[in-house]
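According to our numbering, numbering within the sequence shown proceeds without interruption in unit steps and concludes at 828. A virtual CB, placed ideally from N, CA and C, is assigned to each residue, including glycine. First the structure, in the form of structure tokens, and then the observations on it.
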Amino acid sequence: MIVNLCILQTAHSIFGRWRSQFRSDSLFSEILFVLEKFCTPYKNLFQRLDELIMQNSENREALDLLFKNLILCIKIFYDLNCQDLPEFFEDNIEQWMGLLHKYLNYSNPLLVSEDHDIEGPLEKVKSNICEIVELYTQRYEDAFSMLPEFVNTSWNLLTNTSFEKKNDILVEKIMAFLTSVAKIQRYSYIFKSQDVLRHLIENIILPNISFQESDKEFFEDDSVEYVKRDLEEFDCNLRRNATSNFVRALLEQFETDVVSIVSTYINHYLVEFQKDKRKNWRAKNTAIYLFFSITIKSSANKLGVTSVTTITNVVDFFSQNIFQDLSLLSEDIHAMLKMILIKYVYIFRNQLQRDQILSCLPLLINYLNFPNYAVYTYAAVTIEAILNLNKEEGFLIEKMDIVQLSKELLDNLFKLIEKASTLGKLSENDFLMKCTMRVIATIKDGIIPLIDTISSYLINIILEISKNPSNPKFNHYVFESLAILIRYSAPNSREILLRLESSLFPSLRLILQNDVTEFIPYVFQILSQLLEYHNLSLPDIYKLLVPPILLASLWESRGNVPALVRFLKAVISQDPLFIVNSNYIEQILGIFQKLNSSRLDDHYGFELLETVFLHLPASVIEPYVKQIFLLLLTRLNQSRTGKFVECFIQLIFFLSAINKKEYGPDYFINVINNIQTGLFEQVFSMFCLPGVQNIKDTIDRKTCSIGMIIMLCRGSALQEIKYPTLWSSTLIAILKLFELPFEVTKNDEIIEVDIDDIGFQASFSRLAFSVKAKQDPCMFIKDPKAFLIEELMKGNSANRGNFSRIISTMSDDVKTVLTTYGYII
């Protein structure tokens with residue numbers, strides 16, 4: 004059997020990957036091949052295992068090995084059936100299901116796990132069988148004639164299974180199976196009668212949804228993990244989660260009856276709690292979870308509850324059963340119940356009324372002073388979620404709702420963060436830091452009176468965590484908080500900007516000197532943000548940073564690239580003469596060359612290049628122009644990507660569109676043709692005209708349209724005889740750019756911070772609140788369509804009606820569109 008065990012382990016490692024794969028011809032060919040070769044010996048082995056288990060029912064050592072084989076056989080059964088019901092299994096379904104049913108019922112004292120927390124072989128076998136019958140219920144129900152027998156067995160098994168932790172997964176799997184059955188209309192008769200429903204609720208639902216001693220132990224022994232798991236999985240208790248899902252499935256079929264029966268128990272537990280709040284807190288806990296189970300129809304971790312039943316009332320339940328106990332800040336009520344009361348506000352934040360939520364805020368702020376980790380963390384999580392509540396008209400909670408509470412709230416949060424006993428503990432609770440970030444974002448310029456205190460808190464935290472960055476989420480929220488502080492205070496006052504620079508620069512410089520690699524992208528985003536608020540010459544403190552960032556070493560890490568490019572762009576636009584006088588142009592173009600060679604980072608190279616063309620004198624750039632375009636054309640020819648082509652097109656039309664006399668309408672045409680005669684027409688017709696339609700960003704589309712209009716109407720090259728069709732093709736491309744639908748890019752005041760997948764060195768982590776609004780290089784032109792007509796009419800007059808003659812030969816669609824814009828043909 005040891006050899007068989009190894010074979011089964013190998014088989015499961017191969018077949019198990021089918022579970023998550025999408026259906027395809029190649030996948031089914033592979034499965035069919037396996038079925039033809041594997042099924043008969045597999046069935047024989049399964050039957051032989053059954054015989055040996057019966058023969059060795061009193062041999063513990065033999066049973067242990069046999070059950071290891073049996074567990075793998077059952078897992079492989081699922082593997083072979085996960086994509087479709089094989090004919091081999093369908094033809095022998097009674098025999099297969101008979102075996103599975105036998106082992107769902109099987110018991111043997113020799114196989115009972117002595118460890119109350121860890122699954123034994125019996126629990127594992129039964130859990131895996133439940134997965135199979137759930138699969139058959141969902142996918143192959145027509146062939147599953149033994150389903151009622153499995154329901155009855157599962158029912159009895161649930162009733163007789165102890166509350167030891169080792170049984171949690173088994174209970175979860177049984178509940179999942181029963182949930183699948185309850186959703187099928189044709190099996191509703193199993194649960195239909197009031198007596199059956201009452202029996203289910205009393206003997207299965209209530210015991211498994213009620214508070215368990217293991218919950219209390221987990222809560223007290225590891226509050227950090229308890230809160231994280233509770234937030235990630237809606238409920239850290241597997242049984243309670245699975246039971247709630249089962250209740251929701253019953254509600255779909257028998258809503259009135261289920262709500263009526265469960266409500267009776269809710270009221271019973273609430274009455275019990277009122278008799279002795281200190282002693283009977285578990286009863287209130289159970290009542291709230293029962294209310295969750297009959298109220299919540301759908302939910303999402305980030306959004307809270309998104310849909311509720313109409314037969315219960317979230318608002319009334321809050322007023323009658325939550326708010327009063329939530330208002331009792333003493334420790335008379337158990338901390339676990341305190342957490343559940345706060346959780347009610349958290350998960351039903353979308354359903355509660357605005358005045359109810361506002362009434363909770365002072366209470367939640369006070370709970371930040373509560374000694375229990377889970378309670379004050381859940382309070383912070385709930386405050387953050389409330390402040391992030393987004394309705395159609397904007398955020399539900401606005402600056403004026405919270406600005407008076409902000410000092411106390413932020414003080415409480417920072418005290419909690421800084422009370423950590425060790426450096427590792429300081430950054431452990433990212434929920435507190437996320438709440439801090441959201442508070443600052445909500446009060447906006449209301450932070451100005453607190454700016455010195457808050458910046459000092461943030462800098463102290465950053466310096467501490469820079470010694471050993473251990474929690475990427477926490478790190479991000481600290482820097483995001485700093486970015487928000489700058490965003491809402493620096494633009495209002497040069498004096499505040501200088502104060503911030505004075506307080507931040509020593510610490511930021513220290514991080515760079517110590518080469519804290521995780522923080523370098525953040526530091527340069529903050530520096531860029533500060534610099535972008537300057538409107539005078541480049542301060543010396545920034546000039547000193549330029550030589551180091553022009554060295555190749557910083558650019559080796561991809562995570563640094565976006566922030567370094569942004570900083571360079573800010574320096575160039577702020578003080579072009581500094582770049583020229585310091586002879587940095589060749590080093591900057593060397594960085595462009597490095598970025599241009601990267602498929603991942605080439606778009607940052609284009610950003611840098613556009614800034615160079617826009618701000619540096621043309622005379623400084625001219626010696627390098629031919630080489631720049633040779634590099635671009637080589638990439639375009641040899642290793643272009645869709646992204647590269649779009650960036651190339653944007654650059655071409657950007658040069659034409661910007662209001663800079665050195666780069667006139669024919670500039671690009673002349674540069675390209677100087678590299679190779681006739682190359683312009685080829686590049687323009689193959690890439691620029693068809694590719695411009697793929698550009699999605701609103702400002703980029705506008706820039707391209709302006710650039711094309713200027714080339715069309717002011718330039719001479721497109722009107723030359725040697726380009727007989729380019730003029731009309733360009734006009735059509737412009738009209739398509741205006742008329743064809745495209746996905747509008749978001750540009751609103753609601754800034755999202757979502758870093759769930761953040762990790763060390765994996766990628767650049769953008770600070771959402773540090774981002775500068777995208778600049779429109781053609782802001783002097785408000786209406787591109789009107790600009791087209793104006794330029795066409797001017798050009799037509801200057802060319803003695805030549806434009807109108809060409810347009811008269813074009814399609815009626817073109818003429819109609821131009822007429823609607825106001826062009827007189």
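Confirm, please, whether the CB-CB distance from residue 211 to residue 243 is below 8 Å.
Here residue 243 corresponds to residue number 240 of the sequence shown, with the count starting at 1. Here residue 211 corresponds to residue number 208 of the sequence shown, with the count starting at 1. Yes.
Given 8 Å as the limit, is there contact between the segment 499–519 and the segment 802–810, that is, 3 or more CB pairs closer than that?
Taking a cut-off of 8 Å on C-beta distances, the segment 499–519 does not touch the segment 802–810, as fewer than three cross pairs fall below it.
Short Cβ contact (8 Å threshold) for residue 63 with residue 125:
Along the sequence shown, one-based indexing puts residue 63 at 60. Along the sequence shown, one-based indexing puts residue 125 at 122. No, Cβ-Cβ distance for residue 63 and residue 125 is not below 8 Å.
Alpha carbon to alpha carbon, how far is residue 569 from residue 635? Give it in angstroms, no decimals.
In the sequence shown, the residue the question calls residue 635 occupies position 632. In the sequence shown, the residue the question calls residue 569 occupies position 566. In this structure, the straight-line span from the alpha carbon of residue 635 to that of residue 569 is close to 21 Å.
What separation, rounded to the nearest whole angstrom, lies between the Cα atoms of residue 646 and residue 810?
Here residue 646 refers to the residue found at position 643 of the sequence shown. Here residue 810 refers to the residue found at position 807 of the sequence shown. C-alpha separation (whole angstroms): 33 Å.
Give me, in chain order, the residues of the same chain whose beta-carbon lies closer than 7 Å to that of residue 696; leave out the 5 immediate sequence neighbours on both sides.
Walking along the sequence shown from the start, residue 696 turns up at place 693. Same-chain partners within the cutoff: 739, 740, 743.
Close-in-space but distant-in-sequence residues of the same chain around residue 458 (CB under 8 Å, 5 per side omitted):
Position 455 of the sequence shown, counted from the first residue, corresponds to residue 458. Counting only Cβ-Cβ distances below 8 Å, and skipping sequence neighbours, we find 485, 488, 503, 506, 507.
Residue range of the unbroken beta strand (DSSP E) whose run includes residue 307
As a working mapping, residue 307 is identified with position 304 in the sequence shown. 307–311 is the span of the beta strand (DSSP E), which, as asked, contains residue 307.
Find the nearest neighbour of residue 313 within the set 258, 686, 693, 12, judged by alpha-carbon distance.
For the purposes of this step, residue 313 is identified with residue 310 of the sequence shown, where counting begins at 1. Taking the Cα of residue 313 as reference, the smallest distance to any Cα among 258, 686, 693, 12 is reached at 258.
Just to confirm my understanding: we take residue 686, look at its own chain, exclude 5 residues before and 5 after, and list those with CB closer than 8 Å. What are they?
For the purposes of this step, residue 686 is taken as the residue at position 683 of the sequence shown. Around residue 686: 636, 639, 675.
With the cut-off set at 8 Å, would you say residue 150 and residue 184 are in Cβ contact?
The count along the sequence shown starts at 1 and reaches residue 150 at position 147. The count along the sequence shown starts at 1 and reaches residue 184 at position 181. Yes, the pair counts as a contact, with Cβ atoms nearer than the cut-off.
Given 7 Å as the limit, tell me if residue 318 has its C-beta closer than that to any heavy atom belonging to the ligand MG.
For the structure depicted, the ligand MG is absent and the ligand set is empty, with no information on it obtainable.
Cutoff 6 Å; reference residue 608; Cβ partners in own chain excluding five residues on either side
If you number the sequence shown from 1, residue 608 lands on position 605. Hits under 6 Å: 595, 598, 599.
With which residues is residue 186 paired in a DSSP beta bridge?
Residue 186 sits at position 183 when you count from the first residue of the sequence shown. According to DSSP, residue 186 bridges with nothing at all.
May I ask which residues mark the beginning and end of the beta strand (DSSP E) holding residue 301?
Taking the sequence shown and counting its residues from 1, one reaches residue 301 at position 298. Segment 299–303, the beta strand (DSSP E) holding residue 301.
DSSP puts residue 394 in a beta bridge; with which residues?
Indexing the sequence shown from 1 puts residue 394 at position 391. DSSP output for residue 394 lists 397 as bridge partner(s).
Along the chain, where does the alpha helix (DSSP H) containing residue 271 start, and where does it finish?
Here residue 271 refers to the residue found at position 268 when the sequence shown is read from its first residue. Element bounds for residue 271: 241–278.
From this set, 361, 733, 105, which residue's C-alpha is nearest residue 3's C-alpha?
Residue 3 falls outside the range modelled here, since the chain spans only 4 to 828, and no answer is possible.
For a quick check, are the C-beta atoms of residue 352 and residue 293 less than 8 Å apart?
In the sequence shown, residue 352 corresponds to position 349, counting from 1. In the sequence shown, residue 293 corresponds to position 290, counting from 1. No, they are not a contact pair.
Could you tell me which uninterrupted alpha helix (DSSP H) segments, each at least 4 residues in length, are contained entirely in the segment 97–182, listed from first to last along the chain?
124–142, 150–163
Using a 10 Å radius around the Cβ and a threshold of 16 neighbouring Cβ atoms, would you call residue 611 buried or exposed?
Counting from one through the sequence shown, the residue named residue 611 turns up at place 608. So residue 611 ends up on the buried side.
Identity of the residue in 37, 773, 561 nearest residue 481 by Cα
Taking the sequence shown and counting its residues from 1, the one referred to as residue 481 is at position 478. Residue 481 has its Cα closest to that of 773, out of 37, 773, 561.
Classify residue 480 as helix, strand or coil using the three-state DSSP reduction.
Position 477 of the sequence shown, counted from the first residue, corresponds to residue 480. It is helical.
Going by Cα to Cα distance, which pick from 209, 564, 427, 157 is closest to residue 193?
If you number the sequence shown from 1, residue 193 lands on position 190. Residue 193 has its Cα closest to that of 157, out of 209, 564, 427, 157.
Name the two residues that bound the continuous alpha helix (DSSP H) containing residue 205.
To locate residue 205, count along the sequence shown from 1; it is residue 202. Run containing residue 205: none; DSSP gives neither H nor E here.
So the alpha helix (DSSP H) residue 558 belongs to, where does it begin and stop?
Your numbering for residue 558 matches position 555 in the sequence shown. It is not in any alpha helix (DSSP H) - residue 558 carries neither H nor E in the DSSP assignment.
Have a look at residue 726 and residue 529 and give me their C-alpha separation to the nearest angstrom.
The residue you call residue 726 lines up with position 723 of the sequence shown. The residue you call residue 529 lines up with position 526 of the sequence shown. Rounded to whole angstroms, residue 726 to residue 529 spans 49 Å at the Cα level.
Going by C-alpha to C-alpha distance, which of 120, 441, 172, 500 sits closest to residue 479?
By one-based count along the sequence shown, residue 479 stands at place 476. When each option's Cα is compared against that of residue 479, the closest is 441.
Taking C-beta to C-beta, are residue 107 and residue 76 nearer than 8 Å?
Looking up residue 107 in the sequence shown gives position 104. Looking up residue 76 in the sequence shown gives position 73. Going by C-beta atoms, residue 107 is not nearer than 8 Å to residue 76.
Quick one: measure Cβ to Cβ for residue 161 and residue 177, integer angstroms, because I've assumed they're closer than 8 Å.
For this step, residue 161 is matched to residue 158 along the sequence shown. For this step, residue 177 is matched to residue 174 along the sequence shown. Confirmed, about 5 Å.
Residue 644 by DSSP, collapsed to three states: which one?
As a working mapping, residue 644 is identified with position 641 in the sequence shown. Of the three classes helix, strand and coil, the one that applies to residue 644 here is coil, per DSSP.
Once DSSP output is grouped into helix, strand and coil, what is the label at residue 622?
The sequence position of residue 622 within the sequence shown is 619, counting from 1. Reduced to three states, the DSSP call for residue 622 is helix.
Give me, in chain order, the residues of the same chain whose beta-carbon lies closer than 6 Å to that of residue 760; leave out the 5 immediate sequence neighbours on both sides.
Position 757 of the sequence shown, counted from the start, is the residue given in the question as residue 760. With a pLDDT of 46 at residue 760, under the threshold of 50, the predicted position of this residue should be treated as unreliable, though the coordinate-derived value follows. No residues qualify anywhere along the chain.
Best match in 562, 511, 623 for proximity to residue 604 [C-alpha to C-alpha]:
Indexing the sequence shown from 1 puts residue 604 at position 601. Checked all of 562, 511, 623; the closest Cα to residue 604 is 562.
The segment 702–710 touching the segment 659–667, judged by at least three CB pairs closer than 8 Å
Contact between the segment 702–710 and the segment 659–667 is present, because at least three Cβ pairs lie under 8 Å.
Measure the Cβ-Cβ separation of residue 602 and residue 668 and say whether it is below 8 Å.
What you label residue 602 is simply residue 599 of the sequence shown in a count that begins at 1. What you label residue 668 is simply residue 665 of the sequence shown in a count that begins at 1. No. Outside cutoff.
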